[in-house]
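Sequence lines, in order, name chains A and B.
Counting in full-length UniProt numbering, the first sequence runs from 1 upward without gaps.
Counting in full-length UniProt numbering, the second sequence runs from 1 upward without gaps.
What follows is a single structure, written as structure tokens, with notes after it.
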Amino acid sequence: MAKEVIKVANLEKYYQKRHVLHEINFSIHEGEVVTLLGPSGSGKSTLIRCLNGLEPYQKGDVIFNGEKVVPTEKNWQQIRQKIGMVFQSYDLFPNLTVLENILLGPVKVQHQSREEAKVNAERLLAQVGLQDYENVYPRQLSGGQKQRIAIVRALALKPELMLFDEVTASLDPEMVRGVLNIISNLAQDSNMTMIVVTHEMNFAQQIADRVLFLEDGHILEQTKGDQFFKQPQTDRAKAFLESMDF
Amino acid sequence: MAHSGINVLFEGRNLIRLFGGLWTTIEIAAVALILGLILGVILGVLRTFQNRLLRVILRLYLEFFRIIPTVVLLFLFYYILPKQMGLNLLANEVATLVFALWTAAEMSDIVRGALISVPQHQRESGMAIGLSRWQLYRYVLIPQAVSLELPATINLVTRVIKTTSLLMLISVMDVINVGQQVVEANNQKYPTGVFWVYGIIFVMYFAIDYPLSWWAKRMDKKRLERANG
Ligand SMILES: Nc1ncnc2c1ncn2[C@@H]1O[C@H](COP(=O)(O)OP(=O)(O)O)[C@@H](O)[C@H]1O
Ligand SMILES: [Mg+2]
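Rendered as structure tokens:
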């Protein structure tokens, strides 16, 4: 059986008094694609942000590669190099060119040689069809292009797990396909382990090995991908799928 | 016979003395600005940290230098501190120190404001690629803050240079003080000399400050255009 990349045990999260994640338990194995679905405000973003330490949690554990994370800033900083994350907003660094955006992590954080990192960056850029944009600044790119670069920037660190938080939610419709294709290719060709939060139900159905369905901070069900979309186990999930016109 | 007032400038070494005074002014302003801006950036960064005590102390420092008029600061440092603390500084050194501390205080506020207006997403995407706090500031936040704060910084520089005209009050041989001496020495021969002397000092300040103000305005406009476009 494939190795367990990440495991979450009894995780509880509060924003001040407000309890937003309740008893979260799941684990993800190497090469698995999990989509995290649920209504807006159910805690999807909060949950994946807990997985790379961008949000502190009050109880429970995150276990990465079999080791319990001791949640200090220093430890998270190490672990974040192995967990890539792409956000909804296009958040490239506007003061750096595309290539410098991509090289920052590998060169400054991982101390790879610039030449080696550059070869890798160019290979990744070619994979997303943006090999001619190395020396361009983010403001000259479209939303879809920025988001593809943001994915490359995360991949450049050679992560073992990728987190995608509604990465197509603020893109123009004609840009969405291209970005989703990159994520599917990553799942199929590179066998990347990932957690994908998305509102694109067709896409979710196509890539999900498993679905975690979240509502009001509770995981209501964890179901195999093909089954979830045909026959969700809970009425809540059924209603959710209907509300998404699926 | 009446002498034309403008000749007061060419009498003896007057013009050279005025430029010498200008040089003293520029020297004090330049050293104070370099030290003050560097210190200001450091303090500005520190003011964005979570540490409560540090923030309160730095805030008090800022308010002290902002509320107390520069004239009073100059007197305080020149006349009172040396007596109380047994520090003996030359007038030029006192002036440089006061202006540097004042610049640092104002600059810390500019830098802090610019840093906290860099969007939270930038901070998080920097953290997400594993940058340490220091690297986050060095490669992401400070470079972005600089372009936000540049116009305000140039305005501060302009203000500091203008305020150097107060240096004469603590008998620094700056351009104003030299000008006054020239006027007094030549009062008999050139009754209208005062207009010419202060006229040329005006031109000197204008020649330095106007391009700076113009530059700051232009940059602010460009930045707004870019933000809207
Ligand atoms: N920084 C925050 N402070 C306080 N409450 C928050 C914060 N971020 C999110 N929340 C609340 O936590 C809940 C979960 O939010 P979120 O994780 O963003 O949900 P989702 O991504 O599923 O839309 C929501 O009720 C939201 O209002
Ligand atoms: Mg969300």
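Just so you know, even glycine gets a beta-carbon here, dropped at the ideal spot from N, CA and C.
Bear in mind that the values here come from a model prediction, so they are computed numbers and not experimental data.
List, from N- to C-terminal side, the beta strand (DSSP E) runs of 3 residues or more that fit wholly inside the region 178 to 204 of chain A. DSSP assignment within the region 178 to 204 of chain A yields the following whole beta strand (DSSP E) runs of 3 residues or more, N-terminal first: 194 to 197.
By the 7 angstroms beta-carbon criterion, what residues does the region 113 to 128 of chain B contribute toward chain A? Residues of the region 113 to 128 of chain B that bring their beta carbon within less than 7 angstroms of a beta carbon in chain A comprise H121, Q122, E124, S125, M127 and A128, in sequence order.
Provide the residue span of the alpha helix (DSSP H) that contains B/V182, from first to last. V175 to A185 is the extent of the alpha helix (DSSP H) around B/V182.
A/Q222: first and last residue of the uninterrupted beta strand (DSSP E) it sits in: Element bounds for A/Q222: H218 to K224.
Smallest Cα separation from residue 238 of chain B: which of B/H121, B/N14, B/A30 and B/G12? A question about residue 238 of chain B goes unanswered here, because the residues of chain B that appear run from 1 up to 229.
Tell me the rounded alpha-carbon separation between A/N185 and A/Q206. If I take the Cα positions, the gap works out to 12 angstroms.
Indicate whether the contact test is met: 3 or more Cβ pairs, each with one atom in the region 94 to 108 of chain A and one in the region 129 to 138 of chain B, closer than 8 angstroms. Taking 8 angstroms as the limit for Cβ pairs, the verdict is that the region 129 to 138 of chain B does touch the region 94 to 108 of chain A.
Are A/I28 and A/I183 closer than 8 angstroms when you measure CB to CB? A/I183 sits away from A/I28, with the two beta carbons spaced by 8 angstroms or more.
Determine whether the beta carbon atoms of A/T223 and A/T35 lie at a separation below 8 angstroms. At the C-beta level, A/T223 and A/T35 stay beyond 8 angstroms of one another.
Of all the CB atoms in chain B, is at least one closer than 8 angstroms to the CB of A/L104? At least one CB of chain B lies nearer than 8 angstroms to the CB of A/L104.
Using a C-beta cutoff of 8 angstroms, does B/P69 count as contacting chain A? Judged by the 8 angstroms Cβ criterion, B/P69 is not in contact with chain A.
So the beta strand (DSSP E) A/D235 belongs to, where does it begin and stop? Where A/D235 is concerned, there is no enclosing beta strand (DSSP E), although the alpha helix (DSSP H) around it starts and stops at D235 to S243.
Measuring alpha carbon to alpha carbon, tell me which of A/I63, A/I48, A/P56 and A/A9 ends up nearest A/Y15. Measuring from the Cα of A/Y15, the nearest candidate turns out to be A/P56.
Among residues of its own chain, excluding the 5 on either side of B/L169, which ones have a beta-carbon nearer than 8 angstroms to its beta-carbon? Once the five neighbours on either side are set aside, the close Cβ partners of B/L169 are V71, L74 and F75.
B/A105 to B/P151, Cα distance in whole Å? Counting only the Cα atoms, B/P151 lies some 17 angstroms from B/A105.
Using the beta-carbon count (16 or more within 10 Å), is B/I68 buried or exposed? Classification of B/I68: exposed, given that the 10 Å Cβ count is below 16.
Chain B contact for A/D235 (CB, 8 angstroms cutoff): With 8 angstroms as the cut-off, A/D235 does not count as an interface residue toward chain B.
So, helix, strand or coil for B/L224, using DSSP? Reduced to three states, the DSSP call for B/L224 is helix.
Taking Cβ to Cβ, would you say B/L81 is nearer than 8 angstroms to B/T158? The answer is no: Cβ separation not under 8 angstroms.
Just to check my reading of the structure: A/N120 and A/R80 have Cβ atoms closer than 8 angstroms, yes? What is that Cβ distance to the nearest angstrom? Rounded, the Cβ-Cβ distance is 18 angstroms, inconsistent with contact.
Would you kindly check if the distance between the Cβ of B/I176 and the Cβ of B/I201 is under 8 angstroms? It is a contact, given that the beta carbons lie within the stated cut-off.
Would you say the region 49 to 68 of chain B touches the region 170 to 189 of chain B, given that touching needs at least three Cβ pairs under 8 angstroms? No, the region 49 to 68 of chain B does not touch the region 170 to 189 of chain B.
What is the DSSP secondary structure of B/V172, reduced to helix, strand or coil? Assignment of B/V172 by DSSP, reduced to helix, strand and coil, places it in the coil class.
Determine which residues share a DSSP beta bridge with A/L36 and list them. Beta-bridge pairing links A/L36 to A/V197 and A/L212.
CA-CA distance, B/R223 and B/G193? Within the model, the alpha-carbon separation for B/R223 versus B/G193 is close to 45 angstroms.
C-alpha gap between A/G178 and B/R226, whole angstroms: Using only the alpha carbons, I get a separation of about 28 angstroms.
Identify the continuous beta strand (DSSP E) that holds A/N25 and give its terminal residues. Per DSSP, A/N25 belongs to the beta strand (DSSP E) from R18 to H29.
Does the beta carbon of A/L18 fall short of 7 angstroms from some heavy atom of ligand 1? Here residue 18 of chain A is Arg; the residue named in the question, Leu, does not match the sequence. Yes.
Is it true that the CB of A/I149 sits closer than 8 angstroms to the CB of A/L161? No. Outside cutoff.
Between A/M201 and A/E12, what straight-line distance do the alpha-carbon atoms span, to the nearest angstrom? When only Cα atoms are considered, A/M201 and A/E12 end up about 27 angstroms apart.
Taking the alpha helix (DSSP H) that B/N51 falls in, what are its first and last residues? Under the DSSP assignment, B/N51 falls outside any alpha helix (DSSP H); it carries neither an H nor an E label.
Contact test: A/K44 Cβ vs ligand 2 heavy atom, cutoff 7 angstroms: Yes.
Report the residue ranges of all alpha helix (DSSP H) runs contained in full by the region 125 to 165 of chain A; include only those spanning at least 4 residues, in chain order. 143 to 155, all fully within the region 125 to 165 of chain A.
For A/F64: DSSP bridge partner residues: Answer by DSSP bridge pairing, in chain order: A/I6 and A/E67.
Buried or exposed: which applies to A/Q58, given that a residue is buried once 16 or more other Cβ atoms fall within 10 Å of its Cβ? Exposed, because fewer than 16 other Cβ atoms sit within 10 Å of the Cβ of A/Q58.
Contact criterion: CB-CB distance below 8 angstroms. Does B/Y139 meet it with respect to chain A? Interface with chain A (8 angstroms Cβ-Cβ cutoff): B/Y139 is included.
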